[in-house]
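Undergrad: Before anything else, here's the structure in question.
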Amino acid sequence: MLTFALSKGRLADEILEMLRKLNLCDLRIDKDDRRLIIESDDKKYRFFLAKPTDVPTFVDSGVADIGVVGKDTILEENRDIAEVLDLGFGKCRMCVCGKKGDYSYLNKTTLNVATKYPNIAKHYFESRHQNTNIIKLNGSVELGPITGLSDVIVDIVESGRTLAENGLEVKETIENLSARLIVNNASLKTKYDDMFSLIEGFKGLVEEK
Ligand code: PRP
């Protein structure tokens, strides 16, 4: 049996659509569904429905062989997993954002940065030799510069609407993001044939698009 760790939330619909196209599982999750582990009818596959930030943990530990998660989470969690395929959906950018037209952040000795991604932010500003005070927020990060809690934010930008509607703008792009297929390093060796044909299946779907 192969075990998948799947991200609940924004990426879920596209992931489930791919699983259906590959005939792995006809999984439909509605809002009332509280199941966390689901098995395919033929018992060949098992699926964990996990919080995105926990998907690399399940794959690193080996309790899941394979996972689907955003590149943002891979970078932030920095686990010992292998990223094998860009699935081409959930495209967005990790950016430094701040108030429109305000570049005073460039002259700060210590920059206050609000973010849900403290490791990515720390790593990025360290590489630029910029001192920071990283403020971890769990959502609505845009409140940082608006309220004066921070000079800038490090956050995901997809359509750009949240920024525009709050008088903010992208200052710098850190990384382009999308959903990725990740695998456990040991499973890749011990279950090579099954893993290989699965990865090829996903690759075929990505190329079809
Ligand atoms: C994410 C992100 C931005 C927004 C960007 O937040 O943190 O706030 O989406 O999307 P946009 O560019 O299309 O406007 P999410 O919706 O996950 O909610 P959160 O702020 O509660 O984390």
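Residue numbering for the sequence shown follows this note's numbering, beginning at 151 and increasing consecutively.
All C-beta atoms, glycine included, are put in the ideal place defined by N, C-alpha and C.
#1: Going by DSSP in three states, M151 sits in which element: helix, strand or coil?
#2: Would the segment 216-235 and the segment 284-296 be scored as touching if the rule is three or more Cβ pairs under 8 Å?
#3: Could you check what DSSP says for D183 in three-state terms: helix, strand or coil?
#4: Taking V302 as the reference, which of T312, N288, L318, G310 has the closest Cα?
#5: The alpha helix (DSSP H) spanning K272 covers which residue range?
#6: Cutting at 8 Å between CB atoms, please list the residues of its own chain near K321, excluding the five before and the five after it.
#7: Assuming F208 is part of the alpha helix (DSSP H), what are its boundary residues?
#8: Taking the alpha carbon of R160 as the reference point, which residue from C175, F239, R196, V263 has its own alpha carbon closest?
#9: Please list the terminal residues of the continuous beta strand (DSSP E) segment that includes Y195.
#10: Tell me which residue opens and which closes the alpha helix (DSSP H) that K339 is part of.
#11: From this set, V263, K241, K272, Y274, which residue's C-alpha is nearest V307's C-alpha?
#12: Flag this pair as touching only if the segment 325-333 and the segment 261-268 have three or more C-beta atom pairs under 8 Å; answer yes or no.
#13: May I ask which residues mark the beginning and end of the alpha helix (DSSP H) holding K221?
#14: Measure from the alpha carbon of L186 to the alpha carbon of each residue in V333, E357, D305, S157, then state which is nearest.
#15: So what does D305 bridge to, in DSSP terms?
#16: In angstroms with no decimal places, state the Cα-to-Cα distance between L225 and K194.
#17: Just checking I306 against the ligand FAD - is the residue's beta carbon closer than 7 Å to any of the ligand's heavy atoms?
#18: Between which two residues does the alpha helix (DSSP H) holding E167 run?
TA: Looking at the atomic coordinates:
#1: Taking the first residue of the sequence shown as 1, we reach residue 151 at position 1. Coil at M151, not helix or strand.
#2: no
#3: Residue numbering aside, residue 183 sits at position 33 when the sequence shown is read from its first letter. Coil, per DSSP.
#4: Numbered from 1 along the sequence shown, position 152 holds the residue referred to as residue 302. Checking every option, the nearest Cα to that of V302 belongs to L318.
#5: Position 122 of the sequence shown holds residue 272. It spans 268-277 - the alpha helix (DSSP H) in which K272 sits, taken as one unbroken run.
#6: Within the sequence shown, residue 321 is the residue found at index 171, counting from 1. Taken in chain order, the residues that qualify are C245, V246, C247, G248, Y253, Y255, V302.
#7: As a working mapping, residue 208 is identified with position 58 in the sequence shown. Start and end: 205-211.
#8: Sequence index remark: in the sequence shown, residue 160 carries index 10 (1-based). Checked all of C175, F239, R196, V263; the closest Cα to R160 is F239.
#9: By 1-based counting over the sequence shown, the position of residue 195 is 45. Per DSSP, Y195 belongs to the beta strand (DSSP E) from 195-200.
#10: Mapped onto the sequence shown, residue 339 falls at position 189. Per DSSP, K339 belongs to the alpha helix (DSSP H) from 335-340.
#11: Taking the first residue of the sequence shown as 1, we reach residue 307 at position 157. Closest by alpha carbon: K241.
#12: no
#13: Taking the sequence shown and counting its residues from 1, one reaches residue 221 at position 71. 221-227 is the span of the alpha helix (DSSP H), which, as asked, contains K221.
#14: Locating residue 186 in the sequence shown gives position 36, where the first residue counts as 1. Selected option, being the one with the closest Cα: S157.
#15: For the purposes of this step, residue 305 is taken as the residue at position 155 of the sequence shown. Looking at the DSSP assignment, D305 forms a beta bridge with C245.
#16: As a working note, residue 225 is residue 75 in the sequence shown. As a working note, residue 194 is residue 44 in the sequence shown. Their backbone Cα atoms lie some 30 Å apart in a straight line.
#17: Only the ligand PRP can be found as ligands here, which leaves the ligand FAD out of the picture.
#18: By one-based count along the sequence shown, residue 167 stands at place 17. Per DSSP, E167 belongs to the alpha helix (DSSP H) from 162-171.
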